[in-house]
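J.: 282 is the number of the first residue of the sequence shown in my numbering; add one for each residue after it. All C-beta atoms, glycine included, are put in the ideal place defined by N, C-alpha and C. Since this is a predicted model, take the numbers as computed values, not measurements.
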Amino acid sequence: MANIVLVGIQWGDEGKGKIVDFLSDKADLVVRFQGGNNAGHTVIVGDQKVVLHLIPSGILRPSTTCIIGNGVVVNLDVLQTELETLESQGIKVTAEQLKISENAHLIMPYHLKIEESNEDRRGDQKVGTTKRGIGPTYVDKIAREGLRIADLKDVEYLKEKLGVLLAAKNEYIEKVLGAAPLDFEPIYQNLLKHRDWVLPHVCNASLVIHQAQRQRHNILFEGAQGTSLDVDHGTYPFVTSSNTVAGGACTGSGIGPTAINKVIGVLKAYTTRVGSGPFPTELFDEVGERIQTQGHEFGATTGRPRRCGWLDAVFLKYAVRINGLTDLSVTKLDVLTGLKEIKICTAYKHPDGSISDTFVSDGRELEKVTPVYEVHQGWDEFPSEAKNFEDLPPQAKAFLRRIEELSETQVSMVSTGPKRDEQIVVHSLF
Ligand code: GDP
Ligand code: IMO
Ligand code: MG
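#1: Taking K687 and T627 to be in contact with their CB atoms under 8 Å, please state how far apart those CB atoms are, rounded to whole angstroms.
#2: Cβ atoms of V547 and G296: under 8 Å apart, would you say?
#3: Residues in the same chain with beta-carbon distance under 6 Å from I625, minus the five sequence neighbours each way, listed in chain order, please.
#4: Please list, in chain order, all residues with a C-beta atom less than 5 Å from at least one heavy atom of ligand 3.
#5: Nearer than 7 Å: is that true of the beta carbon of N318 relative to any heavy atom of ligand 2?
#6: Let me make sure I understand the geometry here. Which of T521, R585, S642 and V692 has the alpha-carbon closest to that of V420?
#7: When the Cα of R588 is compared with those of W292, N284, T362 and K649, which residue comes out closest?
#8: Under 7 Å: does the beta carbon of G612 sit that close to some heavy atom of ligand 2?
#9: When every heavy atom of ligand 1 is checked, does at least one fall within less than 7 Å of the C-beta of K442?
#10: Return the Cβ separation of I300 and M694 in integer angstroms, given the expectation that the two are a contact with Cβ distance under 8 Å.
#11: Do T583 and T411 count as a contact pair if the criterion is CB distance below 8 Å?
#12: Alpha carbon to alpha carbon, how far is L606 from L597?
#13: From the DSSP output, which residues share a beta bridge with A628?
#14: Are the stretch 568–582 and the stretch 654–671 touching by the rule of at least three beta carbon pairs closer than 8 Å?
#15: By the three-class DSSP mapping on this structure, what secondary structure does L416 have?
#16: How would you write the range of the alpha helix (DSSP H) that D294 sits in, first residue to last?
#17: Are there any heavy atoms of ligand 1 lying less than 7 Å away from the beta-carbon of T411, as far as the coordinates show?
#18: Do the CB positions of D702 and F663 come within less than 8 Å of each other?
#19: Report yes if the C-beta of F711 is less than 7 Å from at least one heavy atom of ligand 2; otherwise report no.
#20: Let me check you understand the geometry: is the CB of L510 closer than 7 Å to at least one non-hydrogen atom of ligand 2?
#21: Taking the beta carbon of S709 as the centre, do at least 16 other beta carbons fall within 10 Å, making it buried, or is it exposed?
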């Protein structure tokens, strides 16, 4: 029995979905604890590719129960479409298999509208969000002005609460944004329509998790986004609006920190970033283009090209500290195959000439650093079918050993390709 938290430890898209799907083989429960449909988690099983936005990536394992935790923000239109898409792919999800916390907040049409205006007003300072209404929904949660899944239970209460909230939002939309107000009736009717299918999934998620713990079940907490997008510890303000770090698993699902046994960081062998903001190891040359093409680095949610660069061990060390990582799961090593040289950034050079291996989360300071690299030898061929660490090319093994040295954390898993079985397990996690 173990409670494992899995988080992305770069700017998202590290391959979390693939690793969660792999580990779910042994997980009784998989819990998403933050974010919303800004996430895009890709799982490839056989010839089938499934992209999940809100539903945990354990859903492809029929005997695993999945939970959307209280920390997640839920767009019911998107969730319904996701369930329908899964069904069209032959995966029928029952209310037993997918549970939703009654405390999760709802993304509403006015959140989408407000976010669009916010981004437009920022001009060249825009965050480059996924435009899914994530930020404004978390704003309302903290302002105690959010609608929650639980509010769907009582129709009269729902009507009254939505009326009050929408009146305030419309005032803002009209007076501040100068845009047209939203009509109450279609929004209300849409919520009523969703009520019927969503209520059977609704539960006291914290209690369900607690009961699973008492039965000594294996539980996997699935993070979305990545550590550098964390609202407190990331490259603020170019971040998302939730706590993406391991600590978020507690608040976002209703467990205490003492329940967690291991924290796995998913680390891509290079770095990518979607949206604006500082990125010290970004590549603007043909190597960056090659990584983007070989790694198919285009957003799973918005289709935007991902900016690509070398692995940043300064950030990696920071991520180990902020998340309390016990294990690393390295992905997409195969993408680097064929490069003569592979670089790792081991320190930052600051404008005053000083060199430091301590990460700076202040975006304005981070913009000004220059990466200090060490160069590693590349490899020409990569055995995606390898099942043992020993079967990897010697240069790839040296690269992984160096990652362990720099991070002082063991590499427990090495992903050798996008498919479920393209995976080396160095140390078993469950
Ligand atoms: P997530 O958001 O962290 O779940 O990652 P995404 O699904 O957005 O992006 C990761 C992409 O890389 C997906 O298309 C995966 O299928 C793919 N992928 C995951 N692991 C590997 C790997 O080891 N090698 C290769 N070539 N692709 C991988
Ligand atoms: P997964 O779970 C990569 C980025 C956006 C933008 C910033 C804020 O697939 O790794 P938001 O819409 O969240 O307010 O946008 O965060 N972003 C992601 N980048 N992967 C993700 O999720 C992301 N979710 C948000 O591009 O820069
Ligand atoms: Mg993704």
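T.: The structure says:
#1: Against the sequence shown, residue 687 aligns to sequence position 406. Against the sequence shown, residue 627 aligns to sequence position 346. The question names Lys, but residue 687 in the sequence shown is Leu. Rounded, the Cβ-Cβ distance is 7 Å, consistent with contact.
#2: For the purposes of this step, residue 296 is taken as the residue at position 15 of the sequence shown. For the purposes of this step, residue 547 is taken as the residue at position 266 of the sequence shown. In this structure, G296 places its C-beta atom within 8 Å of the C-beta atom of V547.
#3: In the sequence shown, the residue the question calls residue 625 occupies position 344. For I625, where only same-chain residues beyond five positions count, the Cβ hits under 6 Å are L592, A594 and E655.
#4: Output, sorted by chain position: D294, G321 and A581.
#5: Counting from 1 along the sequence shown, the entry for residue 318 is found at position 37. N318: no, Cβ never under 7 Å from ligand 2.
#6: Translated into the one-based positions of the sequence shown, residue 420 becomes position 139. Among T521, R585, S642 and V692, the Cα nearest to that of V420 belongs to T521.
#7: Counting from 1 along the sequence shown, the entry for residue 588 is found at position 307. The option with the nearest alpha carbon to R588 is W292.
#8: Within the sequence shown, residue 612 is the residue found at index 331, counting from 1. The residue you asked about is not Gly; residue 612 is Thr in the sequence shown. T612: no, Cβ never under 7 Å from ligand 2.
#9: For the purposes of this step, residue 442 is identified with residue 161 of the sequence shown, where counting begins at 1. No, ligand 1 has no heavy atom inside 7 Å of this Cβ.
#10: Within the sequence shown, numbered from 1, the residue matching residue 300 stands at position 19. Within the sequence shown, numbered from 1, the residue matching residue 694 stands at position 413. Contact between I300 and M694 holds: their C-beta atoms lie close to 7 Å from each other, under 8 Å.
#11: As a first step, residue 411 must be located in the sequence shown, where it is residue number 130. As a first step, residue 583 must be located in the sequence shown, where it is residue number 302. Contact flag set, yes.
#12: Counting from one through the sequence shown, the residue named residue 606 turns up at place 325. Counting from one through the sequence shown, the residue named residue 597 turns up at place 316. So the alpha carbons of these two residues sit roughly 10 Å apart.
#13: Here residue 628 is taken as the residue at index 347 of the sequence shown, counted from 1. Answer by DSSP bridge pairing, in chain order: V653.
#14: Inter-segment contact for the stretch 568–582 and the stretch 654–671 is absent: fewer than three beta-carbon pairs are separated by less than 8 Å.
#15: Your numbering for residue 416 matches position 135 in the sequence shown. Sequence inspection shows Gly at residue 416; the Leu mentioned does not correspond to that position. If DSSP states are grouped into helix, strand and coil, G416 belongs with the helices.
#16: For the purposes of this step, residue 294 is identified with residue 13 of the sequence shown, where counting begins at 1. The continuous stretches of alpha helix (DSSP H) do not include D294, and DSSP gives it neither H nor E.
#17: Locating residue 411 in the sequence shown gives position 130, counting from the first residue. Because no heavy atom of ligand 1 lies under 7 Å away, the Cβ of T411 does not count as near it: no.
#18: Along the sequence shown, read from residue 1 onward, the residue named residue 702 stands at position 421. Along the sequence shown, read from residue 1 onward, the residue named residue 663 stands at position 382. Their beta carbons are not under 8 Å apart, which means D702 does not touch F663 by this criterion.
#19: Within the sequence shown, residue 711 is the residue found at index 430, counting from 1. No, the Cβ of F711 stays beyond 7 Å of every heavy atom of ligand 2.
#20: Mapped onto the sequence shown, residue 510 falls at position 229. Yes.
#21: As a first step, residue 709 must be located in the sequence shown, where it is residue number 428. With fewer than 16 other Cβ atoms within 10 Å, it is exposed.
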